[in-house]
Amino acid sequence: SSTNQNTQADTTPTDRLAEILDNSARIQELSSGHEEEIQEADDDSDYETSDDDSDDGQNVHGWMASKLPPNLPFYFAGPGPLADGLETTTSAAQEKTMREVIDLMTGKGQTMTYVNAYGLPHLLKDKHAAFLRTILGRYPPPFQVMDASRPWLLYWALNGLRTLGVDVSEYKQRCIDTFTPLQNPEGGFGGGHGHLSHAAAGYAATLSLALVGGLDMIDRRAMWHWLGQVKNPSGGFNMAVNGEQDVRGAYCCMTIHTLLALPLALPPSSPARRAGLETFTSGLGSWISRCQTFEGGLGGAPDNEAHGAYAFCVLACLCLLDAPARSIPTYLNTRTLIRWLVSRQCAPEGGFSGRTNKLVDACYSHWVGGCWSLLESALNIDPAKSSLWHREALVRYTLSCSQAKKGGLRDKPSTRPDGYHTNYSLAGLSAAQYVYTYAESKQTEAEGAEALMVAFNWSFQRPTQQQMKEWCFDSSDLVEPVHPVFVLPFDIVENTRAKFAGKVGF
Ligand code: FPP
Ligand code: K
Ligand code: ZN
């Protein structure tokens, strides 16, 4: 038996070494064709730490270390040690993206030269703000395809601007004017003129109006009635009357319900009430439970593929129902969820993918990055002491790879920035920069008898000097804190809570 063990012990490291050597060839291949740029960059590079460019393929970490900017851990500078040989459209796209990311991370392909103390491009706040302001401007005819997304365009731009520290109160009247024709007499908002009310449009409209202090234009009683129409007898929510049922509906509807402090009881006209449910939360946790898949991740509806965007909707919706430490472990298997969620953080990219075997994308900086504070709170993990995820990696991806030099943030290198990716990259950056914690407050608990108040129990801690150093950003790269459940600035959430305090029942 001891011979067998020795054989095992001998072959495993040999196989590993073969893999690493294979990958060393892959790294050389990745850098070849870029020799001119490398040479050029090396000539005036601050990063060069060794004159020895020779690479005998034997010491891959040594090779990488000789190329790295100071402070850049090796795992951001080369492909991971494991790769399978299956070639698909996705594997080709992955290879291209990884190559572009490595060039930006290591500085070889980096053209943003205004860098912070850690050699990462600064957050280009003024340029991103200017980019977001153009979204609030006029649109040429090709943008007709965006007509159903009017509320979203406003939300992404206004929330992104506030996350960058820009005051948006000047947009109040225009915002109200935009939403007036979108609000329907039967309650809720459509995405464009003449459109039926829709959960996503209502969510984006409510958040936008909260951002500018324009919530008074919402007919809360009509909204309560409409929400009753989309509450499904299953416990979940439809996206529209007779629309599809998925967890976006649950998160969007319950967010609207909470922010507007609507009554918890279902209206008498609600089809769910006729099916025996009494409140908006009846059956909701159990329906959400069914969205956890064999991977441990969370899909949009029972039997759907696990996906990061829906994972946020699931966790945030559970955090509207009760304290995370109660609602999350009650309805989800947190052990398998952790495994799936940690697998979303990509190396060397540092950002997140939305699902298994797919590519990094900066919108998941929020959809996945926003899950950590909720899940860590559910597990009583103190993020100041230990963490389930790598904040530095997300900061590196955001600053080095997701920023467009002319303004706006983008999905990945070789894509164009847009309002959606700009807002959610910035929200993700805030998740990496702040510690968000849930703490029960007696006062809101007492009020909670009528409306759902638990989601107002979150607070934020600004990063310490030590944390900023660990996570690689300067104070000028710090964004504003974004609420982990409502995805709004904290002061907006507080103003909204205070506005409707004691007004449950219209
Ligand atoms: C796949 O796109 C994307 C999805 C299946 C989910 C999209 C859902 C959201 C963005 C979230 C909605 C949330 C609310 C609150 C309305 P893809 O195949 O292009 O991307 P992938 O390759 O990254 O999966
Ligand atoms: K994507
Ligand atoms: Zn995206």
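Under this note's numbering, the sequence shown has 275 at position 271, and the numbering climbs by one with no breaks.
From the three backbone atoms N, C-alpha and C, an ideal C-beta is built for every residue, glycine too.
Straight-line Cα distance separating G164 from L136 | Here residue 136 corresponds to residue number 132 of the sequence shown, with the count starting at 1. Here residue 164 corresponds to residue number 160 of the sequence shown, with the count starting at 1. One C-alpha to the other measures close to 7 Å.
What residue does the beta strand (DSSP E) around S463 start on, and which one ends it?
-> Stepping through the sequence shown from its first residue, residue 463 is reached at position 459. That run of the beta strand (DSSP E) goes W462 to Q465.
First and last residue of the alpha helix (DSSP H) that includes V491?
-> Walking along the sequence shown from the start, residue 491 turns up at place 487. The continuous stretches of alpha helix (DSSP H) do not include V491, and DSSP gives it neither H nor E.
Residue interval of the beta strand (DSSP E) (run including T340) = Position 336 of the sequence shown, counted from the first residue, corresponds to residue 340. Here T340 belongs to no beta strand (DSSP E); instead the alpha helix (DSSP H) covers T338 to V346.
Coarse secondary structure for Q32, derived from DSSP in three states | As a working mapping, residue 32 is identified with position 28 in the sequence shown. With a pLDDT of 44 at Q32, under the threshold of 50, the predicted position of this residue should be treated as unreliable, though the coordinate-derived value follows. Under the three-state reduction of DSSP output, Q32 falls in the helix class.
Segment limits, beta strand (DSSP E) that includes Y440 | Residue mapping note: residue 440 aligns to position 436 of the sequence shown, counting from 1. Looking at the DSSP string, the run of the beta strand (DSSP E) that includes Y440 is V439 to Y442.
With M116 and K409 assumed to form a contact (beta carbons below 8 Å), what rounded beta-carbon distance in angstroms separates them?
-> Indexing the sequence shown from 1 puts residue 116 at position 112. Indexing the sequence shown from 1 puts residue 409 at position 405. For M116 against K409, the beta-carbon gap comes to about 5 Å, under 8 Å, which counts as contact.
Which class does L413 belong to by DSSP, given the choice of helix, strand or coil?
-> The residue you call residue 413 lines up with position 409 of the sequence shown. In this structure, L413 counts as strand in the three-state DSSP scheme.
Coarse secondary structure for F356, derived from DSSP in three states = Residue 356 sits at position 352 when you count from the first residue of the sequence shown. Looking at F356 - three-state DSSP - the assignment turns out to be strand.
Does any heavy atom of the ligand FPP sit closer than 8 Å to the C-beta of C405?
-> Mapped onto the sequence shown, residue 405 falls at position 401. Incorrect: C405 has no Cβ contact closer than 8 Å to the ligand FPP.
Heavy atom of the ligand SAH within 8 Å of A366 beta-carbon | With respect to the ligand SAH, the structure shown offers nothing to examine, as its ligands consist of the ligand FPP, the ligand K and the ligand ZN.
Does DSSP put D59 in a helix, in a strand, or in coil?
-> The residue given as residue 59 occupies position 55 in the sequence shown. Low per-residue confidence applies at D59: pLDDT is 40, beneath 50, and the placement is therefore not dependable, though the value from the model is reported in the following sentence. Of the three classes helix, strand and coil, the one that applies to D59 here is coil, per DSSP.
Going along the chain, which residues of its own chain have a beta-carbon closer than 7 Å to the beta-carbon of Y442, five neighbours each way excluded?
-> Locating residue 442 in the sequence shown gives position 438, where the first residue counts as 1. So the qualifying residues of the chain are A327, P328, S381, N461 and W462.
Residues in its own chain within less than 8 Å of P488 by CB, not counting five upstream and five downstream?
-> Here residue 488 refers to the residue found at position 484 when the sequence shown is read from its first residue. Hits under 8 Å: A320, C323, G374, S377, L378, A435, Y440 and W462.
Would you kindly report the start and end of the unbroken alpha helix (DSSP H) that includes C179?
-> The residue labelled residue 179 in the question sits at position 175 within the sequence shown. Boundaries of the alpha helix (DSSP H) around C179: K176 to F183.
Would you say Y424 touches the ligand ZN, meaning its beta carbon is less than 8 Å from a heavy atom?
-> As a first step, residue 424 must be located in the sequence shown, where it is residue number 420. In this structure, Y424 has its beta carbon less than 8 Å from a heavy atom of the ligand ZN.
CB-CB length for Y438 against R466, believed under 8 Å = Within the sequence shown, residue 438 is the residue found at index 434, counting from 1. Within the sequence shown, residue 466 is the residue found at index 462, counting from 1. Indeed they touch by this definition, with Cβ atoms about 7 Å apart.
Counting along the chain, where does the alpha helix (DSSP H) carrying T297 start and finish?
-> The sequence position of residue 297 within the sequence shown is 293, counting from 1. Note, T297: premise wrong, no alpha helix (DSSP H); not H, not E.
Within 10 angstroms of the Cβ of G354, are there 16 or more other Cβ atoms? Answer buried if so, exposed if not.
-> Within the sequence shown, numbered from 1, the residue matching residue 354 stands at position 350. Under this definition G354 is a buried residue.
If you measure from the CB of K100, is any heavy atom of the ligand K nearer than 8 Å?
-> Sequence index remark: in the sequence shown, residue 100 carries index 96 (1-based). Checking the Cβ of K100 against the ligand K gives no.
Cα separation between A265 and Q177?
-> In the sequence shown, counting from the first residue as 1, residue 265 sits at position 261. In the sequence shown, counting from the first residue as 1, residue 177 sits at position 173. Roughly 23 Å separates the two Cα atoms.
How would you label T402, buried or exposed, when you count the other beta carbons within 10 angstroms and need 16 or more for buried?
-> Mapped onto the sequence shown, residue 402 falls at position 398. Under the 10 Å beta carbon count, T402 is surrounded by 16 or more other beta carbons and is classified as buried.
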